[in-house]
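Data block below; observations after.
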Amino acid sequence: MLPTTLTLLLTTSLTTALVLPRAGGPAYNPIPTTCSVPNPLPPTAPGVPATNFSTNGLAPSPSFRAAHLIYQFYLPSPDSTDIAERWEGCLEQCNGLSGCVAAFMADGMRTPKGWYGTEGGVESRGCLMFNGTLAEGDFVTREKVRGATAGNIACPE
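Read in order, the letters of the sequence shown correspond to residues -17 to -1, 1 to 140 in mature numbering (1 follows the signal peptide of the UniProt record, and there is no 0).
Here's what the structure looks like:
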């Protein structure tokens, strides 16, 4: 009797999903279809608009980051997951983070000093989330940054 009871109890406890807050980063919250995510990156050349994942050499300025950065994460390079898939996750996490209205992602981003106790400076794929809307003038040249994309989450009220 006892082995049967223990087996049933163990089986039930292992197969029941617990609804607990997730440790770590913001929860993924899909962007509603009523929202848009315009790209604020400046044109790559006169009359040539920036496109997602094809803009190289740009990142949010240190002053914009200091004023508006609310969360960031970095993934080791090279990343076996396509950047478009990672970008969707970056945006969804921004949408799940209270106050987040804009995100930026690129390869070649350098981890900040003190990142998980390191000296920083490790070239990575970075996702930066902001509580301020990005505009063309908020970007500066960063030589090693590649495949950049950015978006402002705009939803009707």
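Built from N, CA and C at the ideal position, the CB exists for glycine as well.
As summarised for the region 14 to 45, the continuous beta strand (DSSP E) elements at least 3 residues long and confined to that stretch are 41 to 43, given in chain order. CA-CA distance, phenylalanine 122 to glycine 134, rounds to 13 angstroms. Here the C-alpha atom of tyrosine 11 lies approximately 15 angstroms from the C-alpha atom of leucine 111. Between alanine 85 and isoleucine 136 a beta carbon distance of about 7 angstroms is seen, short of the 8 angstroms cut, so the two are scored as contacting.
DSSP, reduced to helix, strand and coil, places arginine 48 within a helical segment of the structure shown. Residues Arg108 of the same chain have their beta carbon placed closer than 6 angstroms to that of aspartate 62, with the five preceding and five following residues left out of the count.
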